[in-house]
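To keep things clear, I will list the structure first and then write my remarks on it.
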Amino acid sequence: MPNENEHEFIKPNVIINTALGLLQREIVIPNLVWLNGFGDFAGAADDTISLRVPGRLGSRTRALRAEGAARNIQMDTLKETKVDVTLTDDVYNAVPVTDEQLSLDIKDFGKQILAPQVRGVAEGLEIGLVEEMRDAPYQATVIIDRSNVFDSFVDARKALNDENVPFGERTALVGSGIEAAILKDPNFKHADQAGSDSALREAIVGRIAGFTIVVSNALDDDEGYVFHKTAYTMVTRAPAVPDGASFGKSQAFNGLAMRWLRDYDFTSTTDRSLVDAYVGYGHVVEPDGRFLRGVRLQLGTASITVVPTTASVVVGGSTQITVKDDGGDAVTPKGATYTSSDPTKATVSTTGKVTGVAVGSATITAKYQNKTATTAITVTAAP
Numbered sequence: 056m057p058n059e060n061e062h063e064f065i066k067p068n069v070i071i072n073t074a075l076g077l078l079q080r081e082i083v084i085p086n087l088v089w090l091n092g093f094g095d096f097a098g099a100a101d102d103t104i105s106l107r108v109p110g111r112l113g114s115r116t117r118a119l120r121a122e123g124a125a126r127n128i129q130m131d132t133l134k135e136t137k138v139d140v141t142l143t144d145d146v147y148n149a150v151p152v153t154d155e156q157l158s159l160d161i162k163d164f165g166k167q168i169l170a171p172q173v174r175g176v177a178e179g180l181e182i183g184l185v186e187e188m189r190d191a192p193y194q195a196t197v198i199i200d201r202s203n204v205f206d207s208f209v210d211a212r213k214a215l216n217d218e219n220v221p222f223g224e225r226t227a228l229v230g231s232g233i234e235a236a237i238l239k240d241p242n243f244k245h246a247d248q249a250g251s252d253s254a255l256r257e258a259i260v261g262r263i264a265g266f267t268i269v270v271s272n273a274l275d276d277d278e279g280y281v282f283h284k285t286a287y288t289m290v291t292r293a294p295a296v297p298d299g300a301s302f303g304k305s306q307a308f309n310g311l312a313m314r315w316l317r318d319y320d321f322t323s324t325t326d327r328s329l330v331d332a333y334v335g336y337g338h339v340v341e342p343d344g345r346f347l348r349g350v351r352l353q354l355g356t357a358s359i360t361v362v363p364t365t366a367s368v369v370v371g372g373s374t375q376i377t378v379k380d381d382g383g384d385a386v387t388p389k390g391a392t393y394t395s396s397d398p399t400k401a402t403v404s405t406t407g408k409v410t411g412v413a414v415g416s417a418t419i420t421a422k423y424q425n426k427t428a429t430t431a432i433t434v435t436a437a438p
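Take a look at the structure:
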């Protein structure tokens, strides 16, 4: 006979609180930025949320033993930075739940059903946040010198210092290639990994030049960013529970929000479990319109190649070219720049997509870290 307490384990409030706890442990990158999450989202104008992010303050100087008005202290107004973030996506995971699964206790339900669902949502949130990082208008890019990684991070630190970015809550988020270069640097100090099972703690590999180093496979191997916590924002809202749902709950905790729904599909005589969150991302610009709280990192390369080195397209057709570093790894498309020797014959986009315009030929030049490589393009008439 079923235990009389079994049905308590699938109450909506227990499920959603378990899901939020799992999400908090699973995510890495969102835990590094300015989070804002609330439950029971009923809608806002244009789905846009206005956030207040802490501002920055400089300093003033007065002479010792000054006289008269020169002795007066001048006050500065601490202004928060207003950031408008639009909710753009519903990140979700939905799975069928059989009668047999519903008979399990909360430990098994959390492990076998809820944990994989939440992990899928966590990955979706991280992918979206990484895209926001890539699109931010950085004022500085630091090339990581494999032979002297420590000095490269000192340069990144200086770029933030020069803009008076606060010292506390700075992070270096890096891909696997940069992580490997750091670990091989004798100046690197490894972190103590003991005492936590969270995904963020497992991702922290140490500190260098004042930055906590966090590695993520959501980044390309040669990609990285150093930033203050307030450089980027992620807003989550828990969608409202519809009246027709058998079970459901929206909840928020520690800057994250999520909804859990369960209903019954008569077609397959199976219950369904849905975990989802509305999400939007943003980056923080200063009153002068510049983005100063983050610096882009790129792993240094001795040379680049372009694949393919020759290509043929028809008028109106297109082909993609890819830039690779000296290790043969493709570089982030937005990290390279592309130009066409004759745009009347062939054009090239900012991500390396070549489009035929008229019969003839053109040379596409790719530039990455001041290294160049070319692709010869032949444009033929459409059949």
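Numbering (this note's numbering), first residue to last: 56 to 438.
Cβ coordinates follow ideal geometry from the N, Cα and C atoms, glycine included.
Everything numeric in this text was worked out from a predicted model, so none of it was measured.
Report back the beta-carbon spacing between D200 and G232 to the nearest angstrom; my notes put them in contact at under 8 Å. Taking the first residue of the sequence shown as 1, we reach residue 200 at position 145. Taking the first residue of the sequence shown as 1, we reach residue 232 at position 177. That belief does not hold up - the Cβ atoms of D200 and G232 are roughly 13 Å apart, past 8 Å.
Quickly, what does DSSP pair E278 with across the bridge? List them, please. Locating residue 278 in the sequence shown gives position 223, where the first residue counts as 1. Answer by DSSP bridge pairing, in chain order: Q353.
Run through the region 394–422 for me and flag every whole beta strand (DSSP E) of 3 or more residues, listed as ranges in chain order. 401–403, 408–411
Measure the C-alpha to C-alpha separation of I508 and I168 and round it to an integer number of angstroms. This structure cannot speak to residue 508, because the chain is shown only from 56 to 438.
Below 7 Å CB to CB, which residues in the same chain sit around Q194 once its five sequence neighbours on both sides are set aside? Sequence index remark: in the sequence shown, residue 194 carries index 139 (1-based). Here the set comprises R345, F346, L347.
Three or more C-beta pairs under 8 Å: does that hold for the region 349–363 against the region 293–313? They do not touch, by the three-pair rule.
Could you spell out the range, first to last residue, of the alpha helix (DSSP H) harbouring I182? Translated into the one-based positions of the sequence shown, residue 182 becomes position 127. It spans 170–190 - the alpha helix (DSSP H) in which I182 sits, taken as one unbroken run.
With V290 and V334 assumed to form a contact (beta carbons below 8 Å), what rounded beta-carbon distance in angstroms separates them? Here residue 290 refers to the residue found at position 235 when the sequence shown is read from its first residue. Here residue 334 refers to the residue found at position 279 when the sequence shown is read from its first residue. Indeed, because the Cβ distance is near 7 Å, the residues count as touching under 8 Å.
For the beta strand (DSSP E) containing L228, list its first residue and its last residue. Counting from one through the sequence shown, the residue named residue 228 turns up at place 173. L228 -> beta strand (DSSP E) spans 225–229.
Can you tell me the Cα-Cα spacing of T116 and V146, whole angstroms? For the purposes of this step, residue 116 is taken as the residue at position 61 of the sequence shown. For the purposes of this step, residue 146 is taken as the residue at position 91 of the sequence shown. Each residue's Cα considered, the two are about 50 Å apart.
So, does the region 177–190 touch the region 75–83, judging by three or more C-beta pairs under 8 Å? yes
Collapsed DSSP secondary structure at T73 in the structure displayed: Here residue 73 is taken as the residue at index 18 of the sequence shown, counted from 1. The answer is helix: DSSP assigns T73 an H, G or I state.
Beta-carbon within less than 7 Å of V367's beta-carbon, same chain only, minus the 5 sequence neighbours each way: which residues are those? Within the sequence shown, the letter at position 312 stands for residue 367. Note on residue identity: the sequence assigns Ser, not Val, to residue 367. Result list for S367: T433, T435, in chain order.
Label T141 either buried or exposed according to how many other C-beta atoms from any shown protein chain fall within 10 Å of its C-beta, with 16 as the threshold for buried. In the sequence shown, residue 141 corresponds to position 86, counting from 1. So T141 counts as exposed.
Assuming the contact rule is C-beta atoms closer than 8 Å, V330 and V173 should be a hit. Round their C-beta distance to whole Å, please. Stepping through the sequence shown from its first residue, residue 330 is reached at position 275. Stepping through the sequence shown from its first residue, residue 173 is reached at position 118. Correct: roughly 6 Å between the Cβ atoms.
On the CB-based measure, 16 or more other CB atoms within 10 Å of its CB, does I70 come out buried or exposed? If you number the sequence shown from 1, residue 70 lands on position 15. Looking at its Cβ environment, which holds 16 or more other Cβ atoms inside 10 Å, I70 is buried.
Taking the beta carbon of A118 as the centre, do at least 16 other beta carbons fall within 10 Å, making it buried, or is it exposed? Against the sequence shown, residue 118 aligns to sequence position 63. Exposed is the call here.
Going by alpha carbons, who is nearest to N68 out of G303, F205, T364, L215? In the sequence shown, residue 68 corresponds to position 13, counting from 1. The shortest Cα separation from N68 among G303, F205, T364, L215 belongs to G303.
Count the C-beta pairs between the region 321–328 and the region 386–402 that are closer than 8 Å, then say yes if the count reaches three, no if not. no
Assigned exposure category for K66 - 16 Cβ within 10 Å defines buried: Sequence index remark: in the sequence shown, residue 66 carries index 11 (1-based). Result: exposed.
Buried or exposed for P85, going by 16 or more other Cβ atoms inside 10 Å? As a working mapping, residue 85 is identified with position 30 in the sequence shown. With 16 or more Cβ atoms within 10 Å of its Cβ, P85 is classed as buried.
Beta strand (DSSP E) runs contained entirely in the region 305–356, provided each spans 3 or more residues: If only complete runs of 3 or more residues are kept, the region 305–356 shows the beta strand (DSSP E) at 311–320, 325–338, 349–354, in order along the chain.
Decide if S358 is buried, meaning its Cβ has at least 16 other Cβ atoms within 10 Å, or exposed. For the purposes of this step, residue 358 is taken as residue 303 along the sequence shown, with counting starting at 1. Counting other Cβ atoms within 10 Å of its Cβ, S358 stays below 16 and is therefore classed as exposed.
In three-state terms, what does DSSP make of D145? On the sequence shown, position 90 is the one that residue 145 refers to. Strand, per DSSP.
Check the C-beta distance from A421 over to V378 and give it rounded, since I have them as a contact under 8 Å. Here the question's residue 421 lines up with position 366 in the sequence shown. Here the question's residue 378 lines up with position 323 in the sequence shown. About 5 Å separates the two Cβ atoms, so the contact holds.
Using only CA atoms, which one of P192, G265, K239 lies nearest to R225? Counted from its first residue, the sequence shown places residue 225 at position 170. That would be G265, whose Cα lies nearest to the Cα of R225.
Along the chain, where does the alpha helix (DSSP H) that runs through V209 open and close? One-based indexing of the sequence shown puts residue 209 at position 154. Residues 204–217.
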